[in-house]
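Below: one structure, written as structure tokens.
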Amino acid sequence: MQINPDKTINELFAALSYIIEIVGSKNIYHAWRTAILSTRIAKDALGAEEIKNIFYAGLLNDAGAVGFTHHIVYYLKRNDDTSRSLLLSHPIITAQLISTIPNMASCAKLILDHHEHINGTGYPRAKAQEDIPYGSQVARIADSIDIALQGSRSLSLNELKQKLTLNTEKEYSRELFNHAFEVLNKDNFYNRVSDINQIPRLFKETQDYVGTINIPSKIDAIGTTLETIAQIVDMKHPYTSGHSLRVARYALSCALAMNLEHDDITLLRWAGLLHDIGKLNVERKILDKPGKLTDREFNAVKKHADLTRRIIELVPSMKDIALIASGHHEHFDGSGYPLGLKNGMIPLGARLLAICDAFDAMTSNRPYRKPLSPEAACKEIERNSGTQFDPEAVRQTLPIFQNLYL
527 MQINPDKTIN ELFAALSYII EIVGSKNIYH AWRTAILSTR IAKDALGAEE IKNIFYAGLL
587 NDAGAVGFTH HIVYYLKRND DTSRSLLLSH PIITAQLIST IPNMASCAKL ILDHHEHING
647 TGYPRAKAQE DIPYGSQVAR IADSIDIALQ GSRSLSLNEL KQKLTLNTEK EYSRELFNHA
707 FEVLNKDNFY NRVSDINQIP RLFKETQDYV GTINIPSKID AIGTTLETIA QIVDMKHPYT
767 SGHSLRVARY ALSCALAMNL EHDDITLLRW AGLLHDIGKL NVERKILDKP GKLTDREFNA
827 VKKHADLTRR IIELVPSMKD IALIASGHHE HFDGSGYPLG LKNGMIPLGA RLLAICDAFD
887 AMTSNRPYRK PLSPEAACKE IERNSGTQFD PEAVRQTLPI FQNLYL
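Each residue of the sequence shown is one higher than the one before, counting from 527 in the numbering used here.
See the structure below:
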């Protein structure tokens, strides 16, 4: 299996930020526009590696806010005491997550300080003036520009300037403010970046200009990155904390027990880590609902499986795991979703993930029920062998779950 880690991780970040930005059928594009603005503002002042860190800081700076009830833009636009209190921890959480990815420590430091203000009133550490890294200051003003644009369908450059000038020498310096507006005024850039329909093309241009992250050799950079993404996905719903990591671990154990080929084992583990990424587009209130879901709510939840496939297919080198990851709700008898596949039509990896996902769901706490014991969960899997689950997969993997807690 020949996969370019640099290119793959670059594509994974773009795909992750894309799905985080979707609210209902609307794409907010906050992270993409912040990354575009940050890069363009820093372009003439810094070297290539520093610009690359700034681009990814802008792209990933709000990943730690996935668990909020609403998209982070909702709270940033409100800018009241309640919203500020909620927002305080997200730079720390995001920086901690991103710092675990190889070669992303410098980017994580910029993320940590991207809500600091030059007058010392920002968060989380109340840093001021030159103590705030320049890249973080750039991300701060880019963030502010985007929030102003999010709040208005048509805002002229002069109107934007009047609106943001109120925060000069408070949130950002006069020098950086002036430079940012020089950049916005040049080469029709403001008209392009303020048009939401042009953001995808601008993002691709910026991403190509910045280039990929250079990943050290001889480390499992893709696996480590996917583990971080899995943690971000599971933050969407407090009851699923650690779920994707456990499913991937169970799947790895099952694959090893079945003597699958090395590449198949690796792909199955990756699929386990990403199998619920489509849930990032499911409303938090539905995931947290303690009672029975309505038909509309259940249909919304069911859509996550197909969305998982479509997100993974945005990363060309990971297309082989798209049907495995999205097929964990297919049933052996054909009654599952999203495609209604039956027995051998379901990839083996998906049949294994279905068992692993069900076992972890049943043995974990949920808002609508208490967890089952491992023994009870195993009996339930056995009871559904031949209908929900592949009988041969159950036969070979059930001993693993039965022995987990001995």
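Quick reminder that beta carbons are idealized off the backbone N, C-alpha and C, glycines included.
Boundaries of the alpha helix (DSSP H) in which residue i is found, first to last residue
{"i": "ALA884", "result": "874-888"}
{"i": "LYS730", "result": "725-736"}
{"i": "HIS568", "result": "Contrary to the premise, residue 568 reads as Ala rather than His in this sequence. Counting along the chain, the alpha helix (DSSP H) containing ALA568 begins and ends at 556-568."}
{"i": "LYS828", "result": "821-838"}
{"i": "GLN922", "result": "917-930"}
{"i": "THR620", "result": "616-625"}
{"i": "GLU537", "result": "531-547"}
{"i": "ASN655", "result": "The question names Asn, but residue 655 in the sequence shown is Gln. Careful: GLN655 lies outside any alpha helix (DSSP H) and carries neither H nor E."}
{"i": "TYR582", "result": "574-586"}
{"i": "TYR601", "result": "598-604"}
{"i": "ASN717", "result": "715-719"}
{"i": "TYR863", "result": "Counting along the chain, TYR863 falls outside any alpha helix (DSSP H), and DSSP gives it neither H nor E."}
{"i": "THR792", "result": "788-800"}
{"i": "ASP669", "result": "660-676"}
Whether residue i touches residue j by CB criterion (9 angstroms)
{"i": "TYR776", "j": "GLY749", "result": "no"}
{"i": "VAL827", "j": "LYS805", "result": "yes"}
{"i": "LEU612", "j": "SER543", "result": "no"}
{"i": "ILE548", "j": "ASN807", "result": "yes"}
{"i": "ILE673", "j": "HIS556", "result": "yes"}
{"i": "CYS633", "j": "ILE624", "result": "yes"}
{"i": "LEU636", "j": "SER670", "result": "no"}
{"i": "ALA903", "j": "LEU874", "result": "no"}
{"i": "ILE577", "j": "LEU702", "result": "no"}
{"i": "ALA665", "j": "ALA583", "result": "yes"}
{"i": "ALA540", "j": "GLN733", "result": "yes"}
Top-ranked residue by Cα proximity to residue i, from the options
{"i": "ARG772", "options": "ALA589, GLN528, ILE598 and LEU930", "result": "LEU930"}
{"i": "LEU878", "options": "SER861, PHE915, GLU906 and ASP859", "result": "PHE915"}
{"i": "TYR716", "options": "ALA668, ARG700 and ASP734", "result": "ALA668"}
{"i": "PHE581", "options": "LYS603, ARG909 and TYR660", "result": "TYR660"}
{"i": "ILE803", "options": "GLU823, PRO764, ILE837 and LEU782", "result": "ILE837"}
{"i": "ALA831", "options": "THR754, PHE858, TYR765 and ALA880", "result": "ALA880"}
{"i": "PHE885", "options": "THR923, TYR735 and PRO650", "result": "THR923"}
{"i": "ASN711", "options": "THR647, LYS687, LYS696 and PRO617", "result": "LYS687"}
{"i": "ALA756", "options": "GLN528, HIS788, ARG559 and ILE627", "result": "ILE627"}
Proximity test, residue i beta-carbon vs the ligand SAH heavy atom, cut-off 8 angstroms
{"i": "GLU731", "result": "By its list of ligands, the structure shown contains no ligand whatsoever, and the ligand SAH lies outside what it can speak to."}
Q) Between the region 669-685 and the region 710-730, do at least 3 Cβ pairs fall closer than 8 angstroms? A) yes
Q. Within the chosen definition, does the region 737-748 reach the region 873-893 through at least 3 CB pairs nearer than 8 angstroms?
A. no
Q: Inspect the CB distances between the region 759-771 and the region 849-856 and report whether three or more fall short of 8 angstroms.
A: no
(Q) Using a Cβ distance threshold of 8 angstroms, determine whether the region 627-642 contacts the region 777-797, with at least three qualifying pairs required. (A) no
(Q) When you compare the region 869-877 with the region 750-765, are there three or more beta-carbon pairs, one atom per stretch, that lie closer than 8 angstroms? (A) no
(Q) For the region 532-540 against the region 728-739, do three or more pairs of beta-carbon atoms, one drawn from each stretch, fall closer than 8 angstroms, so that the two count as touching? (A) yes
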